[in-house]
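Just so we're aligned, residue 0 is where the sequence shown starts under numbering that gives the first Met the number 0, counting upward by one. Glycine residues also receive a C-beta, built at the ideal position from the N, C-alpha and C atoms. In what follows, a structure is listed as structure tokens, so that the remarks can point back to it.
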Amino acid sequence: MSDFPRSLLAASICAALFIPYSYAETAPQSNTVTIGQCRAGDIEPTNQNEQPINVEADKLEAVNGDKATYVGNVVVVQGKKRMSADTVTLHQKDNIVVAQGNVKFDDGEVQAVSERATNNLNTDQLTLEKTNYHFLCQPGRGDAVYVAKTGQAMYEIEDGSITSCPDGDNAWRLKASSISIDQNEETATFYNPRMEVLGVPLFYLPLLQVPIGDTRKTGFLYPTFSFGSKDGFQLNVPIYWNLAPNYDLQTDLKYMENRGTQLNSHFRYLNTFGRGDITYEYLPDDKKYPEKDDRWGFQLTHYGIYDQSWALAVNYAEVSDIDYFSDLGSEIGTRQDGQLTQEASVSYRSANWDLSLLTRDFQILTTTGNQPYKLMPQVAFNYYAPELMRYLDFDLISHVSRFDTDENGAPSATRVHIEPGIKIPLGATWGTWTTEARLLSTYYQQDLDNVDPSKGYKENVSRDIPEFRSNLGLILERDTVVLDGYTQTLEPQVQYLYIPKRDQSDIARYDTTLLQTDYYGLFRSRKYSSVDFVAPANQISYGAASRFFDDQYKERLNIAFGQIFYLDKGLKNNLNNSTTENSDYSAWAVEMDFNYDDALFYHGGIQYDVDTSRVQLSNSTLEYRHDKGFIQTNYRYVTQDYIEDTVGDTLDVNSLTKDGISQLGVVAQYNLTPKWQTKALYYYDLTTDNPLEWQANLTYLSDCWFIGLTYSRELDKWTPSFQQYPDAEARYESNLSVNIGIIGLGTNMTHNNELQSNAIGYGRPFVLSN
């Protein structure tokens, strides 16, 4: 959290009023003190009171043994502190200093103006009357009728206020009948505080304690307000709890007129086992959806290294129901995830081997598709022996995994996998040549109770598959002829891969998915993740990448393209063994990134299938940036066949799409003026000829407050269901909201006005080496 300003009246205001007459001089001095600027970083002596004090005045009136009065344009300077007044009187008998008339003070952190200041030099007690102040190192100003210093670092303020607005602007302020400041504890306690907006009280509390200074302190953060057609009036009051130096907690009380009051908690910790976060959201008795009872969400994340060898990682998330993310805004997950991961791992690592234990489960957030397999658990052991011999590396990959599922008619299994491999890596500045051979040995014990025998699975299966791969890559460089001042590289690459065909139809697919076959995927050794299905191969992958660098060695363009030539085209198949017209070649894969003058950016990729003479998938992002904002267009396309081949074994694709994916989106932001900003996004589905969602936001940003108007309309569901498309009707949910908040004193304006997309979203449109 951002800390509350140092105090309503910094302690140094009082210190400057200590004016021992023994140091006073009436003669003008050369004292150059910068007025009205932050000088918190200036170096000063350890004991500031030992610095000489210089006094300038038009005249000095003194009565021996009674008092000394400086009259007319009195200026007192000590170090970086400066005070001026019409008169300053030292009562020598009582040792009391009184400054009167337009008393001004500046210590490089706070400026203050008072009608009268009194300081008892014996007790160090100070009083200020009718004071106005503002901070020099951060936004913040205020006033107080009466200020009293009651201890070394204790202050009592009567009828005080604070705001981050500039002079003359009282759009909002926090007022209190009295304020107690303890600088040792770095806390400020407000009694009967009230928040005023344009002079109108907005809320009242009997007591409010906020932190001051640079140390984390328990206290309230400033609230935010919003009005929406979906949830009505909303008020969010955050509270920060500084529980210990190594852990803290923030709780948010979020009132929603149409839903109730939600309690959101975010706990952070750091210990010898690592760092982590615990997020919990709880909405009792959702008034908008009473049939869903209490709504809640939970997430635990942890990662750490212990004793240099142990690695711990946890990522567990769960929500009360599958509609949680569509009904409520949440920090736990996003609506498009489709599932929440629940996994934990512990591993031990040494220089040449590692041992790990992993468990994984999922919460599915859709009603369609199969249930994924739980990993309960997996024990993995890996051994590495680089340079076992000169130019020869050896490694061993192995794991034992237990798979369970709640899917009816699906088998459970125990899998044992051992994979030794040898590698010959050769490298130079102009290229690399890597050759490796591996042996994939896998044993399955499958539980086939209640499994349809027609699927052909066997209870015990042993499988041994060798793999051979050789990859050669070159890096060639030249100064371009066409583009003067640019350096071009040409990076050709060729790979041979051989994996013999094995009948694997008697093995279920537990954690195997088709990997994306972009340009870089052409040179992988596996077509699928994991080892349940090892695709046969007898093929040559070839391609090239070319990069262009300007005279500052900044990458401006790269383009890569490649393809696979199948020496045995009978091995060109996929996980679902779909039948397509076979050719000797794979789809062409092309990737491109472009950056013109740091203003126009492009990223695109395409895969063109030579078998069907059609594009399998493509994506493009084009963005133009300028000093007032940006506009970005993006498009993605995936064929129905490609989706079936990739996730058809776990999802009912026909219930989600009838003709693949073809979506177009636009995201834009423009600063109309320094104070007015607009944002918008729009996404359209070309396969169903329906808009997916659009949002528009207009924000006014003042010096100390903001107001944002946002309208959103997004596809919620199909009636009666998407299975009846095109006869199904698209139903949309609309929401108009107004967000209001303050700026400065620990608030974050951008967090409250970002557009949250459930479709494609904004993406960084280039991945060049900059």
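For S176 versus N191, is the C-beta spacing smaller than 8 Å? Taking the sequence shown and counting its residues from 1, one reaches residue 176 at position 177. Taking the sequence shown and counting its residues from 1, one reaches residue 191 at position 192. Yes; because the gap between Cβ atoms is below 8 Å, this pair is in contact.
What are the uninterrupted segments assigned as alpha helix (DSSP H) that are 4 or more residues long and contained completely in the segment 88-175, given in chain order? none
Report buried or exposed for R389, applying the criterion of at least 16 other Cβ atoms within 10 angstroms of its Cβ. Stepping through the sequence shown from its first residue, residue 389 is reached at position 390. The residue in question, R389, is exposed, as its Cβ has fewer than 16 Cβ neighbours within 10 Å.
As a quick exercise: from D230, N537, V112 and T223, pick the residue whose alpha carbon is nearest that of G707. The count along the sequence shown starts at 1 and reaches residue 707 at position 708. Of D230, N537, V112 and T223, the residue nearest in Cα terms is T223.
Looking only at its chain, what residues have a beta carbon closer than 6 Å to the beta carbon of D405, apart from the 5 residues adjacent to it on each side? What you label residue 405 is simply residue 406 of the sequence shown in a count that begins at 1. If we look at D405 and ignore the five residues flanking it on each side, its Cβ neighbours are Q370.
Among the candidates I539, P410 and G139, whose CA atom is the shortest distance from the CA of D505? Sequence index remark: in the sequence shown, residue 505 carries index 506 (1-based). It is P410.
What's the C-alpha gap between T431 and R501? The sequence position of residue 431 within the sequence shown is 432, counting from 1. The sequence position of residue 501 within the sequence shown is 502, counting from 1. About 31 Å.
Alpha carbon to alpha carbon, how far is L556 from T632? Here the question's residue 556 lines up with position 557 in the sequence shown. Here the question's residue 632 lines up with position 633 in the sequence shown. Taking the straight line from one Cα to the other gives about 19 Å.
From the DSSP secondary-structure annotation, give me the bridge partner or partners of I421. Position 422 of the sequence shown, counted from the start, is the residue given in the question as residue 421. BP columns for I421 point to F393 and A436.
By the three-class DSSP mapping on this structure, what secondary structure does F547 have? Reading the sequence shown from its first residue, position 548 is the one you call residue 547. If DSSP states are grouped into helix, strand and coil, F547 belongs with the strands.
Specify the secondary structure class of P690 as computed by DSSP and reduced to three states. As a position in the sequence shown, residue 690 is number 691, starting the count at 1. If DSSP states are grouped into helix, strand and coil, P690 belongs with the strands.
Cutting at 8 Å between CB atoms, please list the residues of its own chain near C598, excluding the five before and the five after it. If you number the sequence shown from 1, residue 598 lands on position 599. For the record, residue 598 in the displayed sequence is Ala; it is not Cys. So the qualifying residues of the chain are Y623, R624 and H625.
Whole angstroms are fine: how far does the CA of G328 sit from the CA of Y318? Along the sequence shown, one-based indexing puts residue 318 at 319. Along the sequence shown, one-based indexing puts residue 328 at 329. It should be noted that the sequence gives Val, not Tyr, for residue 318. In a straight line, the C-alpha of V318 is about 12 Å away from that of G328.
Outcome for T186 when other beta-carbon atoms lying within 10 angstroms are tallied against a minimum of 16: For the purposes of this step, residue 186 is taken as residue 187 along the sequence shown, with counting starting at 1. Classification for T186: buried.
Taking the continuous alpha helix (DSSP H) assigned at D326, which residues delimit it? Here residue 326 refers to the residue found at position 327 when the sequence shown is read from its first residue. Run containing D326: Y323 to D326, per the alpha helix (DSSP H) assignment.
Rounded distance between the beta-carbons of D583 and Y565, thought under 8 Å: Within the sequence shown, residue 565 is the residue found at index 566, counting from 1. Within the sequence shown, residue 583 is the residue found at index 584, counting from 1. About 5 Å separates the two Cβ atoms, so the contact holds.
C-beta atoms of Q562 and S545 nearer than 8 Å: Residue 562 sits at position 563 when you count from the first residue of the sequence shown. Residue 545 sits at position 546 when you count from the first residue of the sequence shown. No.
Leaving out the 5 sequence neighbours to the left and right, which residues in its chain are closer than 6 Å to Y149 when beta-carbon positions are compared? In the sequence shown, counting from the first residue as 1, residue 149 sits at position 150. Strictly speaking, residue 149 in this sequence is Thr, with Tyr absent from that position. Once the five neighbours on either side are set aside, the close Cβ partners of T149 are E155.
Excluding sequence positions up to five away, which residues of its chain have a Cβ less than 6 Å from the Cβ of D276? Within the sequence shown, residue 276 is the residue found at index 277, counting from 1. Same-chain partners within the cutoff: R267 and T300.
Name the two residues that bound the continuous beta strand (DSSP E) containing Q261. Numbered from its first residue, the sequence shown carries residue 261 at position 262. It spans G259 to N270 - the beta strand (DSSP E) in which Q261 sits, taken as one unbroken run.
For P725, which of helix, strand or coil comes out of DSSP? Translated into positions along the sequence shown, residue 725 becomes position 726. If DSSP states are grouped into helix, strand and coil, P725 belongs with coil.
Segment limits, beta strand (DSSP E) that includes E280: Numbered from 1 along the sequence shown, position 281 holds the residue referred to as residue 280. Where E280 is concerned, the enclosing beta strand (DSSP E) stretches over G273 to L282.
Can you tell me where the beta strand (DSSP E) holding Y519 begins and where it ends? If you number the sequence shown from 1, residue 519 lands on position 520. Element bounds for Y519: n/a, residue is neither H nor E.
Is G659 helix, strand or coil by DSSP? The residue labelled residue 659 in the question sits at position 660 within the sequence shown. Shown here, G659 sits in coil according to DSSP, grouped into three states, outside any helix or strand.
Please classify E476: does DSSP put it in a helix, a strand, or coil? Taking the sequence shown and counting its residues from 1, one reaches residue 476 at position 477. In the structure shown, E476 sits in a strand (DSSP, three-state: E or B).
Output the distance between the C-alpha atoms of Q91 and A98, rounded to the nearest integer angstrom. Within the sequence shown, the letter at position 92 stands for residue 91. Within the sequence shown, the letter at position 99 stands for residue 98. So the alpha carbons of these two residues sit roughly 14 Å apart.
Straight-line Cα distance separating N314 from Q338: In the sequence shown, residue 338 corresponds to position 339, counting from 1. In the sequence shown, residue 314 corresponds to position 315, counting from 1. Roughly 13 Å between the two C-alpha positions.
Buried/exposed call for K678, threshold 16 Cβ in 10 Å: In the sequence shown, counting from the first residue as 1, residue 678 sits at position 679. Burial call: buried.
For Y641, three-class secondary structure by DSSP: Position 642 of the sequence shown, counting from 1, holds the residue named residue 641. In the structure shown, Y641 sits in a helix (DSSP, three-state: H, G or I).
L570 by DSSP, collapsed to three states: which one? As a first step, residue 570 is located in the sequence shown; it is residue number 571 there, counting from the start. It is helical.
Quick one: Cα of D596 to Cα of A667, how far? For the purposes of this step, residue 596 is taken as residue 597 along the sequence shown, with counting starting at 1. For the purposes of this step, residue 667 is taken as residue 668 along the sequence shown, with counting starting at 1. Answer to the nearest angstrom: the Cα atoms are 20 Å apart.
Bridge partners - V313, DSSP secondary structure assignment: Position 314 of the sequence shown, counted from the first residue, corresponds to residue 313. Bridge partners of V313: H301 and A343.
Please list, in chain order, all residues of the same chain as K422 whose beta carbon is under 6 Å from its beta carbon, the five residues on each side excluded. Within the sequence shown, numbered from 1, the residue matching residue 422 stands at position 423. Excluding residues within five positions, the ones whose Cβ falls inside 6 Å are D392 and E435.
Give the single residue among T672, D608 and Y485 whose Cα lies nearest to the Cα of E476. Position 477 of the sequence shown, counting from 1, holds the residue named residue 476. Considering only T672, D608 and Y485, the residue with the shortest C-alpha distance to E476 is Y485.
For A111, is the classification buried or exposed, using 16 other Cβ atoms within 10 angstroms of its Cβ as the cut-off for buried? Numbered from 1 along the sequence shown, position 112 holds the residue referred to as residue 111. Counting C-beta atoms within 10 angstroms of its own C-beta, A111 has 16 or more neighbours from the protein chains shown and is therefore classed as buried.
Host beta strand (DSSP E) of L357 (start-end): As a working note, residue 357 is residue 358 in the sequence shown. Residues W352 to I363.
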